[in-house]
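Novice: I'd like to ask you about the structure that follows.
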Amino acid sequence: MSAVDTTFETLRSQGRKAFLPFVTAGDPNLNFTGKVLKELISRGASLCELGIPYSDPIADGPVIQASYTRVLDQNQKLADILKAAQTWTTELSAPIVSMVSYSIIHRQGLENYVTSAKAAGIAGAIVPDLLVEESAAFAEICRREDFSLIQLVTPTTPRERALQICETSTGFLYFVSVTGITGERTELPPEVVEQVGWLKARTDLPICIGFGISKPEHVKMLAPVADGLIVGSAIVRKIAEVEEKGEQAVLAEIGALADELITAINS
Amino acid sequence: MSDPISAVPNSSGRFGEFGGRYVPETLTRALDELAEEYAKARQDPQFQSQLTDLFNTFVGRPSPLYFAERLTEHCGGAEIWLKREDTNHTGAHKINNTLGQALLTLRMGKKRVIAETGAGQHGVATATACARFGLECIVYMGAEDIRRQAPNVFSMKLLGAEVRSVESGSRTLRDAINEAMRDWMSSVETTHYIIGSVVGPHPFPLIVRDFQSIIGQETRQQSLENFGCLPDRVVACVGGGSNAAGMFYPFVDDSDVELLGVEAGGHSDQPGDHASPLSFGEHGILHGSYSYVMQNEDGQTCDVHSISAGLDYPGVGPEHSYWKDTNRVQYTYCQDAEAMDAFDTLTRIEGILPALESSHAIAKAMECARELGPEK
Ligand SMILES: Cc1ncc(COP(=O)(O)O)c(C=O)c1O
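Listed in order, the protein sequences are those of chains A and B. Residues in the first sequence are numbered from 195 upward in steps of one, following our numbering. Residues in the second sequence are numbered from 8 upward in steps of one, following our numbering.
Printed below as a string of C-alpha cells:
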C-alpha cells in the first residue's frame, strides 16, 4: 500500500473526505512552495499535488500555464524539485503526489522517474497526458514500486471505458468535472454528480473530483458523491500575487481558503 | 517476407515505435470517433469521388510537374522537375488536407472548426474550406507569426475566419498548436480540429498523410508520362512534414527512388538556432505523439528558429521518425541563408516565386542535381 492508499483508508474509517490542494513546484521559488505545502497540511489538507512545470501543458488553463512559465523561465530543473521535495516530505504529515507530463517521465526513463520521485518521498503520479492504452509499461513499474498511478476519467469518457480506467488506476481515481482545461469556473456542470455516483456504485477506488473547483458552493454540490476534492487554480492564483503582497499575506489567504473549503467538504 | 514500409500505422497509430496518442483523456472519444469516421470514409466511394471532384474543380488538380529547364542548366547536373503545389487554390499543398478534413467534419455532424497556423498557409486553407462548406472557423496563430505573415491574416479574415493571437511561449507554431488543443479540450463535442500537418495524436498523422498523398501519386504518374521512369531522387522540405509525407508515401516501397527530407537549419547548428529535430533532436513526446523532438534533458520543449514560419517547429511527424530510423528516407537541413539564395535563384531564372519553406527543398535539390550529374 502506498501512502495514498493509507490516507484514504484512514479518512474512510473516520467518515471524512479529503481536501487535495494543487501547488506548482517552485512558484515563485522552491522555498516558498515548501511553506505553502506546510501551511495547507497544517490546515487539514489530506494530500497535496505537486505540479511539475511543463513547457506545453495542453490540459491547463492560463493560471497554471503562467505559473509553469514563470518557473521554467528561471531554469528550474526536475532535480531541483526532487531535492527540495526530499527535505519537505520528511517533515510533512500528508502524502505528496506529482502532477507530471508524460514527456517529462519519458525523458527521465520510466523506471528512473519512479525511483527518484520515491526517493524524494513522493507517493505517486497523476499523468494528465497518459491514456490507459499507452500506460501499460509505466503502470507495471508503478505497481512494482508501490507508487500510485492516479488515472483520469472525464465527462467525455464512455462508461465502459471509465470502469476499465478504474481497474488500472491506483491510489484514487481523478474525476475531471468539466469538459475542458483547468481554471476556476463560476458554475460546475450538475451532471457530474450523477456521473461520479454511477462510478462510485461500481468501484471501491476512492474518487476525487477536480478542475474548476474554487468555492464552498462547488464543494457542497460535489462532496456528497466524492472521496475528495481537488483545488488548483484558486491557490495558484494567490501564489502569483506573492511579489505584490508578500509571503505572509499570501500564506494567510491560502490558509483561509483551505479552512473555508475544508469546512464545506465535511459539513 | 517483412511488411512493406508503407504498411503503417497499426491500429494504435504506431509507425514502428513512433506515433501513438499522448493526450488528455478528454480528447479520447473524439479521436476514436474521428478514426472510425475516417475508416468508413476511406472505404466510401462517394467520399472519394467527392474529394476528387473538389481536387479537380476547386483546387485545380492535378498540379503540374514542371521541368525547370533553366535551373537545370544553371546547376549543370541532373534534370530538376518541380511539383507545382503552389499552383493550387490558396497557393500551397495545405488545401488538400483541409478539404478532406472539412468533409470529415460534415460527416461527423460538427459545425465548428479550429486550426493552428504558422506561415498562415494552413490557416488560409482551413478558412477557405470552411467558407466553402459553411463551417465556423477559428484559427490560432502565434503573435510573432501574425507579425511576419500579415497578408495571410488579412485573407483569413476576409474568408470569414476569426484569427486568435497566441501570446504564450515563443508565440509561434508550437504555441498555436497548444492553444488550439486547449480550445478543443473544451469544445470537442461540437468542434473538429483540422490539424495542419502530419503531427499530433493518432489518427491525425495517418489522415493528413493520406490526404496529402495525392502529391506523390500524381508525381509518380507524371514522371512516367514525362520521362518514362520514376525519379532518381525526390526532395521535399519538412516542417511538421505534411508535404514531404504526401510526396514520399507513394514512393516508399520503390526502393530505387531515393528520398530526401530537408529541415530548417536556421542560422547555426547550435540549439535554439535551428528547427531540425530529425538532425539534432531526441526521441520524445510532443503534441500527442512520440517522435523526434527538440527538448532538453528534463523533457521540456526547446525554442527553435527558422526564417520560415511554416518550418519553425520543434517537432516532426512520427512517420518521418520511422522513415529516418529505418533509413528509408535521408534527412538533412538547409540554413536560412542557403534557402534565401535558392529563393532568389528560382525567382530570377524560372520566374517562380517559391515559398520560403519550399526554398529549403529547392536549395538541396540544386545540390543533388550537381551531385547526381547529367544522367537525370
Ligand atoms: C508552402 C509550404 N511548404 C511547407 C510547409 C511546412 O509544412 P509541412 O512540413 O507540414 O509540409 C508550409 C507550412 O506552412 C508551407 O506553407
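The C-beta atom is built at its ideal place from N, Cα and C for all residues, glycine as well. In this text, all values refer to a predicted model and were calculated from it rather than measured experimentally.
Give the range of the beta strand (DSSP E) segment to which I246 (chain A) is assigned.
Specialist: Per DSSP, I246 (chain A) belongs to no beta strand (DSSP E) and is neither H nor E.
Novice: Can you tell me where the beta strand (DSSP E) holding I121 (chain B) begins and where it ends?
Specialist: Its beta strand (DSSP E) spans residues R119 to T124.
Novice: In chain B, what lies closer than 7 Å to D267 (chain A) by C-beta?
Specialist: What D267 (chain A) touches in chain B: nothing, since even the nearest Cβ is about 11 Å away.
Novice: Using only alpha-carbon positions, find the residue among A:S249, A:V372 and A:V444 that is nearest to I424 (chain A).
Specialist: The shortest C-alpha separation from I424 (chain A) is found at A:V372.
Novice: Looking only at DSSP bridge pairs, what is E270 (chain B) linked to?
Specialist: DSSP lists B:Y340 as partners of E270 (chain B).
Novice: List, from N- to C-terminal side, the beta strand (DSSP E) runs of 3 residues or more that fit wholly inside the region 299–355 of chain B.
Specialist: Listed in chain order, the complete beta strand (DSSP E) runs (minimum 3 residues) inside the region 299–355 of chain B are 337–342.
Novice: Is V381 (chain A) near ligand 1 - that is, is its Cβ less than 6 Å away from at least one heavy atom of it?
Specialist: The question names Val, but residue 381 (chain A) in the sequence shown is Glu. Outside the cutoff, so no.
Novice: Assuming A279 (chain A) and L241 (chain A) make a contact with CB atoms under 8 Å, what is their CB distance in whole Å?
Specialist: That belief does not hold up - the Cβ atoms of A279 (chain A) and L241 (chain A) are roughly 14 Å apart, past 8 Å.
Novice: Applying the 10 Å Cβ sphere with the 16-neighbour rule, what's the burial state of A134 (chain B)?
Specialist: Per the 10 Å Cβ criterion, buried.
Novice: Are E364 (chain B) and S286 (chain B) close, meaning C-beta to C-beta below 7 Å?
Specialist: No, they are not a contact pair.
Novice: What residues in the region 289–301 of chain A have a beta carbon less than 9 Å from any beta carbon of chain B?
Specialist: So the close ones are S295, Y296, S297, I298, I299, H300 and R301.
Novice: Could you check whether F366 (chain A) and V390 (chain A) sit closer than 7 Å to each other, using their CB atoms as the reference points?
Specialist: No, these two residues do not count as a Cβ contact at 7 Å.
Novice: For the candidate residues B:E326, B:I145 and B:R171, whose alpha-carbon lies nearest to that of S204 (chain B)?
Specialist: For S204 (chain B), the nearest C-alpha among the options comes from B:E326.
Novice: State yes or no: is the beta carbon of G449 (chain A) nearer than 7 Å to at least one beta carbon in chain B?
Specialist: Answer no: the Cβ-Cβ gap between G449 (chain A) and chain B never drops below 7 Å.
Novice: Tell me whether H412 (chain A) sits in a helix, a strand or coil according to DSSP, three-state version.
Specialist: H412 (chain A) falls in the helix class under three-state DSSP.
Novice: If I follow the unbroken beta strand (DSSP E) through V170 (chain B), where does it start and stop?
Specialist: Here the beta strand (DSSP E) through V170 (chain B) covers E169 to V173.
Novice: Is the closest heavy atom of ligand 3 to the C-beta of V245 (chain B) under 6 Å?
Specialist: Within the structure as shown, ligand 3 is missing, the only ligands being ligand 1.
Novice: Kindly list, in the order they appear in chain A, the residues whose Cβ is closer than 9 Å to that of G291 (chain B).
Specialist: Simply S297, H300 and R301.
Novice: Below 6 Å, is the gap between the Cβ of G317 (chain B) and the nearest heavy atom of ligand 1?
Specialist: Under cutoff, so the answer is yes.
Novice: Could you tell me the distance, in whole angstroms, from the CA atom of Q156 (chain B) to the CA atom of A311 (chain A)?
Specialist: For Q156 (chain B) and A311 (chain A), the distance between alpha carbons rounds to 45 Å.
Novice: Just the Cα atoms here: how many angstroms apart are T376 (chain A) and R216 (chain B)?
Specialist: Cα-Cα distance, rounded: 32 Å.
Novice: Name the DSSP beta bridge partners of W88 (chain B), please?
Specialist: Answer by DSSP bridge pairing, in chain order: B:F74.
Novice: Looking only at C-alpha atoms, which of A:Q358, A:I275, A:E447 and A:C336 sits nearest to G318 (chain A)?
Specialist: Here the closest residue by C-alpha is A:C336.
Novice: Could you tell me which uninterrupted beta strand (DSSP E) segments, each at least 3 residues in length, are contained entirely in the region 202–245 of chain A, listed from first to last along the chain?
Specialist: Correct list: 212–218 and 242–245.
Novice: Start and end of the beta strand (DSSP E) containing R338 (chain A)?
Specialist: Element bounds for R338 (chain A): not the beta strand (DSSP E) but the alpha helix (DSSP H), A330 to R338.
Novice: Assign E7 (chain B) to one of two classes, buried (16 or more other C-beta atoms within 10 Å of its C-beta) or exposed (fewer than that).
Specialist: The structure shown has nothing for residue 7 (chain B), since chain B only spans 8 to 383.
Novice: Name, going along the chain, the residues of the region 202–215 of chain B whose beta-carbon falls closer than 8 Å to a beta-carbon of chain A.
Specialist: Listed by position along the chain: nothing, the set is empty.
Novice: Ligand 1 and S249 (chain B): does the residue's C-beta get closer than 6 Å to at least one heavy atom of that ligand?
Specialist: S249 (chain B): yes, Cβ under 6 Å from ligand 1.
Novice: Mind pulling the alpha helix (DSSP H) runs of 4 or more residues that sit fully within the region 293–368 of chain A?
Specialist: As far as the region 293–368 of chain A is concerned, its whole alpha helix (DSSP H) runs of at least 4 residues are 296–302, 304–313, 330–338 and 353–362.
Novice: Does DSSP classify S196 (chain A) as helix, strand or coil?
Specialist: If DSSP states are grouped into helix, strand and coil, S196 (chain A) belongs with coil.
Novice: With DSSP as the reference, label F22 (chain B) as helix, strand or coil.
Specialist: Strand, per DSSP.
Novice: At 8 Å on the CB atoms, spell out the chain A contacts of T308 (chain B), in chain order.
Specialist: Chain A residues near T308 (chain B): S249, D250 and S297.
Novice: Straight-line CA distance for T333 (chain B) to G20 (chain B)?
Specialist: About 17 Å.
Novice: Is there at least one Cβ from chain B nearer than 7 Å to G220 (chain A)'s Cβ?
Specialist: It does not: the Cβ of G220 (chain A) has no partner Cβ on chain B nearer than 7 Å.
Novice: Compile a chain-ordered list of the residues in the region 276–290 of chain A whose CB is closer than 8 Å to at least one CB of chain B.
Specialist: Per Cβ criterion, the list is empty.
Novice: Beta carbon of Q108 (chain B): closer than 6 Å to some heavy atom of ligand 1?
Specialist: No, since every heavy atom of ligand 1 falls outside the 6 Å radius drawn around the Cβ of Q108 (chain B).
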